[in-house]
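Encoded as structure tokens, the structure appears first; notes follow it.
Numbering (full-length UniProt numbering), first residue to last: 1 to 218.
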């Protein structure tokens with residue numbers, strides 16, 4: 001979780017001057033806040049998280065202690081593969097996250113049937129990935145979501161219309177899942193090369209190779 005800090009600097013004989021920090025990792029933000037309080041020149045110190053919720057210094061310290069035990073700093077990659085002959089879809093997801101002081105990577109895939117198009121497979125892959133976030137216990141945090149399906153991401157952002165009923169049904173399911181998790185999605189369209197991990201998992205699912213692994217990374 002990142003925070004920016006706002007505070008007023010007391011000037012003798014003048015009105016306080018408002019200052020705002022850059023976005024800082026929670027650990028650095030807390031150290032900076034402690035220094036400001038120790039100097040005795042700062043008043044009205046307020047922290048803002050990435051969802052623009054405001055917190056007092058005491059609230060941030062408590063929240064940080066709670067978050068440290070839960071998954072945070074989440075980065076999700078998704079991809080869907082489609083077999084036109086069998087109407088099967090391979091769903092691939094890679095999730096990077098922190099928990100405590102450690103970093104982890106989750107890799108998982110799934111094979112589903114009765115798909116109609118590759119676009120539907122992409123939507124299904126993202127919905128599958130969100131289900132993995134739910135299993136990890138991710139909630140009420142900003143989450144970076146990356147995929148190589150620009151159409152899916154633009155439709156979720158509301159920039160492109162979606163005219164197909166089958167895709168709209170997936171769109172509504174994804175939006176409902178995001179709302180239930182309370183996460184703030186930040187979508188980024190990337191190249192297929194950048195999405196190679198999720199792409200490989202989707203392909204492996206179509207080949208009948210089931211994968212679900214979680215490992216600590218350096």
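Heads up, the beta-carbon is just placed ideally off N, CA and C, and yes, glycines get one too.
Between the alpha carbons of residue 29 and residue 73 lies a gap of roughly 15 Å.
Taking a cut-off of 8 Å for Cβ pairs, the stretch 114-131 and the stretch 71-91 touch, as three or more such pairs fall below it. Ranking 159, 104, 111, 148 by CA distance to the CA of residue 204 puts 111 first.
The beta carbons of residue 67 and residue 32 sit no closer together than 8 Å.
For residue 185, the closest of 197, 196, 191, 145 by C-alpha to C-alpha distance is 145.
Residue 13 counts as exposed, since fewer than 16 other C-beta atoms from the protein chains shown sit within 10 angstroms of its C-beta. Per the C-alpha coordinates, the member of 159, 80, 97, 108 positioned closest to residue 217 is 97. Counting every other CB atom within 10 Å of its CB across the protein chains shown gives residue 176 a total below 16, marking it as exposed. Judged by DSSP in its simplified three-state form, residue 83 adopts strand.
DSSP, reduced to helix, strand and coil, places residue 208 outside both helices and strands of the structure shown, so it counts as coil.
The beta carbons of residue 140 and residue 178 sit about 11 Å from each other, so the pair does not count as a contact at 8 Å.
For a cut-off of 8 Å, the C-beta gap from residue 9 to residue 41 is around 6 Å, short enough to register as a contact.
Here residue 146 carries a strand assignment [DSSP, helix/strand/coil]. A direct Cα-to-Cα measurement between residue 170 and residue 126 gives close to 9 Å. Annotated three-state conformation of residue 170 is helix, per DSSP. In the structure shown, the three-state DSSP call for residue 56 is coil. In the DSSP assignment, the residues bridged to residue 46 are 6. The Cβ-Cβ distance between residue 181 and residue 106 does not fall below 8 Å. In the same chain as residue 168, and ignoring 5 residues on each side of it, the C-beta atoms closer than 6 Å to its own belong to 162, in chain order.
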